[in-house]
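Going by numbering that gives the first Met the number 0, the first residue of the sequence shown is number 0, and it counts up by one from there.
In this text, a Cβ means the ideal position worked out from N, Cα and C, and glycines have one as well.
Keep in mind the model is a prediction, meaning the values are calculated, not measured.
Everything on this sheet refers to the single structure shown next.
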Amino acid sequence: MKSRRKSIPVLLVSVLTLTLALAGCSDSPTTTAPTADQKKDPPKEAVKPTGGGGQGTTPPAQITEFKESPYFQGKGLPALNTRLPTDYKVSNEIPANQMKYEIGTYGGNLRTVTSVVDWDADVFVMDNEPLLNTPGILGDEITGNILKDYKVSDDQKEFTFSMRKGLKWSNGQPVTTEDVRFTVEDFLNNPELTPIYPVWLRGGGVAEGAPLKLDVIDDFTFKLTFDRPYGGILIRFAIQGWRGYTELIKPAHYLKQFHKKYTPMEKLEPIIKDAGFQPGEWANLFNDKDITNWKLNQKKALGFPVLYPWIQTKHTDSVTTYERNPYYFKVDPAGNQLPYIDTIQSSLVQDIEMVGLKTIAGEVDFSRESAALIKMPLYKENEKNGYKANLASMHVTPTDVFLNQTYDDANWQKVVQDVRFRKALNLALNRKEIISTIYYGFAKPGTIEDNTFDLAQANQLLDDMGMKKGPDGKRLGLNGKTFTIPFEVGAQAPDIVPLTQLIVEMWKQLGLDVTMKTIDQKLWNTKNTDNQLQASMIWTHTPLWYMGDWGLGQWAPAWNDWKTSGGKKGKEPPENVKKFYSLIDQAAAAKPDDAKKLIEQVKSELKDNMYYFVHIADVKQPIIVNAKLHNIPSDAAFAIATNFSGEQFFFGK
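If you want it as structure tokens, here you go:
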């Protein structure tokens, strides 16, 4: 490991400074030249798209002429101006200071790659559409997206939303407040379909809050009312948790055929049987047929009405194909219906190494999720194959370290719940070595917790706790037996396993018995849910103030169950943890300006109590893009924000 640390950073620095000639891609996309009108620069006020919604925004200049992709010629579709909503949206996914927007040309096939069955994270983020939007996923501004606009009452309890008139599902059916009413009344408020009402849709986003109340005002206007102030609902609709419009708007015209309120059980029973469910299990049938945003990559999404830029049209064991949505609601400032790219092909390969091989061979047009910083020198060396390897900031701290304070073992709890123990371990984390060894200099020490590296002070804290060393030099727990920290990690990201190995060695320097085992990702999820992991590593969204996860389900699952169930499950936490939870809840309920101030208090509590270890920050992530691909945000943007602007990508010459 030491020799690698000396050689790879030098290579990386050298290749990053080279100016490489970019060869053409072997699979050149078919593009259509823009019309004379397209070539002209749009009026100045239209160049900066605003999204047509959200308080504090300026509506875009009215577009009088619309254009579509030649891909639709001869397909028997209605005229474009009848397919677009009257309240179309001018795309605004990336702030102007993070991308110089170009009016694109139509055509081409975007190739992605994944090693996970029924899942392609890059396609998911490019396709998923939230109810509202925050440009650049920054949380600085909230504008319209699927919903056109919103108004908020002074007490932050009532939210009135305007829908886009003329918005249509991918099968041409209209989208109206009937879809909202169906989702709230017949899905969310139906205990057979929703046995546990989502906490985030309760007043204030807390378990004690009442479920939202819906008032349908007309075909395109509805109001949501909460029993307590909930300004934070807007950012939750826009980005938090990568939610999509399917949380509040489902295609009622399609799903009613699987709902017993609208279809008699005698008609449902044959469908239930064909789907493999037991007689009477209509709720299981409905949930199987309801393709939420999280299922958009799955084969069962074929034929389901959606509002995404691309629709899944073919699914084999090796390739999933998506085609442009003829009813997509966004246009560019020149009136061209988006997306520019006609099709996406997602290839499934056997493992992450195969992903890397296809990438460096130039067989992938876009890759972010599976791109690894450790492979950056290799990516740069092979840019001659027709792609560019860029670096941007990660939206997570990717390798936070967790000790489960509620693992069901009395001796373990006595030790890890003592803040002195956690502070000792933090003092033993050599961030300089972590950054140089694992991240090759493309990261910084974390900004939330103390970054001091001091083994002497760490050992003193353990001595003060009474954790004496046995004859073998290993520290004993408070029960007089060797105290073991058993890491169990998955391979959810390429840096998790090597960094855990490094931290194991660092903590062994304190005389602690530290072990590590790599387990299957599915098993990792199960053990974490069942409170069976003692020590592990995974990311949290600390760079995104609005996400609010703070690792609650990792460093104290039983306490978190108590929190999310309103005290009905799990175990009651101590007062300092309750205070931490309360601050998080207050931030989630508050409007953005107030929430950001509360998040600073959350960070302060985390610093004092060291609930988990956020040891690095500002980590860079590679983005591999076809050299001909345009409208790629700058390195000032979050890497994942690039995906959010996928409908704006186009192939140039």
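Residue i burial status per 10 Å Cβ neighbour count (16 or more: buried)
i	result
Leu460	buried
Ile195	exposed
Ala360	exposed
Thr133	buried
Leu146	buried
Met264	exposed
Ala274	exposed
Ser644	buried
Glu504	exposed
Leu511	buried
Val179	buried
Thr396	buried
Lys38	For Lys38, the pLDDT reaches just 32, beneath the cut-off of 50, and the residue's location in the model is therefore unreliable, leaving the point undetermined.
Gln585	buried
Pro591	buried
Pro77	exposed
Pro376	buried
Bridge partners - residue i, DSSP secondary structure assignment
i	result
Ser317	BP columns for Ser317 are empty, so no partner.
Pro173	Lys167
His540	Bridge partners of His540: none, in fact.
Val115	Trp118
Asn108	Thr342
Asn625	Tyr386
Phe221	Phe160 and Val215
Lys680	Only positions 0 to 652 of the chain appear in the structure, and residue 680 is not among them; the question remains open.
Thr81	None, per the DSSP bridge assignment.
Met515	Phe486
Ser392	Lys619 and Phe637
Tyr149	Phe160
Distance, residue j Cα to residue i Cα
i	j	result
Gln256	Leu284	11 Å
Thr63	Tyr87	12 Å
Pro308	Ala391	24 Å
Trp561	Ala206	10 Å
Ile654	Ala370	Not covered by the structure: residue 654. The range shown for the chain is 0 to 652.
Glu92	Lys595	22 Å
Gly569	Met609	22 Å
Ala636	Val363	22 Å
Pro84	Ser161	13 Å
Ser633	Pro325	29 Å
Asp316	Lys299	13 Å
Lys422	Pro556	21 Å
Lys357	Ala95	33 Å
Asp462	Thr182	58 Å
Lys652	Lys379	21 Å
Lys577	Val124	34 Å
Asn296	Gly385	27 Å
Trp544	Ile631	24 Å
Gly476	Gly566	31 Å
Pro572	Thr405	9 Å
Gly440	Asn389	16 Å
Val415	Met464	11 Å
Ser68	Lys259	41 Å
Proximity winner among the options, relative to residue i (alpha-carbon distances)
i	options	result
Ile116	Thr262, Thr541, Arg82 and Ser346	Looking at the sequence shown, residue 116 is not Ile but Val. It is Ser346 whose Cα lies nearest to the Cα of Val116.
Val174	Asp217, Asp463 and Asp185	Asp217
Thr483	Trp411, Gly440 and Ala423	Trp411
Ala640	Val576, Asp560 and His394	His394
Asn170	Thr312, Thr176 and Leu187	Thr312
Asp408	Tyr321, Leu597 and Gln531	Gln531
Leu597	Phe612, Tyr611 and Tyr580	Tyr580
Thr111	Thr319, Asp449, Lys260 and Arg227	Thr319
Asp153	Phe225, Gly103, Gly552 and Glu140	Phe225
Gln500	Ile437, Thr525, Lys74 and Gln520	Ile437
Gln600	Gly334, Ile351 and Leu582	Leu582
Pro304	Thr81, Lys167 and Met466	Lys167
8 Å contact criterion, which residue i and residue j should meet: CB distance rounded
i	j	result
Arg235	Trp199	6 Å
Val343	Val624	Val is not the amino acid found at residue 343; the sequence shown has Ile there. Not quite, the Cβ-Cβ distance comes to about 14 Å (not below 8 Å), so this is no contact.
Val89	Pro338	No, Val89 and Pro338 are not in contact; Cβ-Cβ is about 14 Å, not under 8 Å.
Arg367	Gln620	7 Å
Thr539	Trp549	6 Å
Tyr149	Leu233	7 Å
Ser114	Val488	Between Val488 and Ser114 the Cβ distance is about 18 Å, and since that is not below 8 Å, they are no contact.
Lys249	Asp289	7 Å
Asp657	Ile495	The chain is shown from 0 up to 652; residue 657 falls before or after that span and cannot be answered.
Leu424	Tyr244	That pair is no contact at about 43 Å.
Closer than 7 Å: residue i CB and nearest the ligand HEM heavy atom
i	result
Gly240	What this structure holds is no ligand at all, so the ligand HEM is not there to describe.
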